[in-house]
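**Student:** Residue numbers (this note's numbering): 6 to 279.
Don't be surprised by glycine CBs; every beta carbon is placed ideally from N, CA and C.
Below are the structure tokens for one structure; questions will follow.
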């Protein structure tokens, strides 16, 4: 029944050590052997996803990857971009001003400069370390209004970020897609960008139906794709709000929840039909 599985990475596919368990790897391989497409869908940049794509042998011209929370989607084998929605320097400057007023740090992804921030901070360091990126320190006010920006993040320690979220002007939520991807990351995207839109672009490209899609995730930035999918699955370690919108809750990311969901809804179903 299911033809595509979209998997969030951090907190979902990856365990607490940022590794793919042998159980998850085996279940994904078996699903792909049965012709089910498996897509990694992450807020990370592609550089931070590539080692895991390689580990799963996801590299053919029939494979897709969704990165920057759906701002970018491309064919892994051909490099064909099938969806690209970003921001600009004007938006980055405005968000940096809001971040300063709210007492948060800010960083962004520039198509020219990579990971940029006006001031070094522990949370931009986390972004850089997770994804193997260099940091460029630059004043956002020096960006031209039309400078291509992929996404902007307000970052802070979790309790402070909760305060920022509570104080966030309503107008920003109307102007951008705003999602919390980690306890210390609040992301601002093009209003047409989210993981649901990214998965939808792949579904349309493949000519399949949303009912034939499984999406798995653990956080707010996964909500759009869980709601879009025929079967939205939350991890046992997911945010409570994520569990509430899911159709099913699997085991945690440290207990091979991805593998157990694939076995239940893809492999066991196929076995019973056979």
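Is it true that the segment 205 to 216 meets the segment 186 to 197, where meeting means three or more beta-carbon pairs spaced less than 8 Å apart?
**Tutor:** No: fewer than three Cβ pairs fall under 8 Å.
**Student:** State the start and end residues of the unbroken alpha helix (DSSP H) segment that holds residue 9.
**Tutor:** No alpha helix (DSSP H) holds residue 9; the beta strand (DSSP E) holding it covers 9 to 12.
**Student:** What is the DSSP secondary structure of residue 229, reduced to helix, strand or coil?
**Tutor:** In this structure, residue 229 counts as helix in the three-state DSSP scheme.
**Student:** Assign residue 199 to one of two classes, buried (16 or more other C-beta atoms within 10 Å of its C-beta) or exposed (fewer than that).
**Tutor:** That one is buried.
**Student:** Kindly list the residues whose CB is nearer than 6 Å to the CB of residue 244, restricted to its own chain and excluding five residues on each side of it in sequence; keep chain order.
**Tutor:** Answer for residue 244: 224, listed in chain order.
**Student:** So for residue 260, helix, strand or coil by DSSP?
**Tutor:** Three-state DSSP puts residue 260 in a helix.
**Student:** Identify, in the order they occur along the chain, each residue of the same chain with its Cβ nearer than 8 Å to the Cβ of residue 276, setting aside the five sequence neighbours on each side.
**Tutor:** Its pLDDT being 49, under 50, residue 276 is placed unreliably in this model, and the value from its coordinates should be taken loosely. The answer is none, since no qualifying residue turns up.
**Student:** Would you call the segment 118 to 132 and the segment 101 to 110 touching, i.e. three or more CB-CB distances under 8 Å?
**Tutor:** Touching, yes, given that three or more Cβ pairs across the two stretches are closer than 8 Å.
**Student:** Is the closest heavy atom of the ligand NAD to the C-beta of residue 270 under 7 Å?
**Tutor:** What this structure holds is no ligand at all, so the ligand NAD is not there to describe.
**Student:** Measuring straight from C-alpha to C-alpha, what distance separates residue 42 and residue 167?
**Tutor:** Taking the straight line joining both Cα atoms gives about 36 Å.
**Student:** Out of curiosity, what's the CA-to-CA distance linking residue 253 and residue 273?
**Tutor:** Distance between the alpha carbons of residue 253 and residue 273 is about 16 Å.
**Student:** Who are the near neighbours of residue 261 in its chain, counting only those whose CB is closer than 6 Å to its CB and skipping five residues on each side?
**Tutor:** Once the five neighbours on either side are set aside, the close Cβ partners of residue 261 are 26, 28 and 29.
**Student:** Going by C-alpha distance, which of 74, 65 and 52 is nearest residue 13?
**Tutor:** Checking every option, the nearest Cα to that of residue 13 belongs to 74.
**Student:** Cα-Cα, which of 50, 9, 46 and 106 is closest to residue 226?
**Tutor:** Cα-wise, what sits closest to residue 226 is 46.
**Student:** Would you check if the segment 200 to 210 and the segment 161 to 177 touch, i.e. whether three or more CB-CB distances between them fall below 8 Å?
**Tutor:** With the cut-off at 8 Å, the segment 161 to 177 and the segment 200 to 210 do not touch.
**Student:** Taking residue 71 and residue 11 to be in contact with their CB atoms under 8 Å, please state how far apart those CB atoms are, rounded to whole angstroms.
**Tutor:** Between residue 11 and residue 71 the Cβ distance is about 7 Å, and since that is below 8 Å, they are a contact.
**Student:** Helix or strand or just coil, what does DSSP make of residue 124?
**Tutor:** Coil at residue 124, not helix or strand.
**Student:** For residue 182, list the residues DSSP reports as bridge partners.
**Tutor:** Paired residues: 194.
**Student:** Using 8 Å as the cut-off, can you tell me whether the segment 77 to 94 makes contact with the segment 125 to 144, which would need three or more C-beta pairs spanning the two stretches below that distance?
**Tutor:** Judged by Cβ distances under 8 Å, the segment 77 to 94 makes no contact with the segment 125 to 144, as fewer than three pairs qualify.
**Student:** Leaving aside the five residues before and after residue 100 along the sequence, list all residues of the same chain whose C-beta is less than 6 Å from its C-beta, in chain order.
**Tutor:** The answer, listed in chain order, is 157 and 193.
**Student:** What's the C-alpha gap between residue 267 and residue 259?
**Tutor:** Cα to Cα, residue 267 sits roughly 15 Å from residue 259.
**Student:** According to DSSP, is residue 77 helix, strand or coil?
**Tutor:** In this structure, residue 77 counts as strand in the three-state DSSP scheme.
**Student:** If you follow the alpha helix (DSSP H) that residue 58 is part of, which residue opens it and which one closes it?
**Tutor:** Here the alpha helix (DSSP H) through residue 58 covers 51 to 60.
**Student:** Pick helix, strand or coil for residue 63, following the three-state DSSP scheme.
**Tutor:** In this structure, residue 63 counts as coil in the three-state DSSP scheme.
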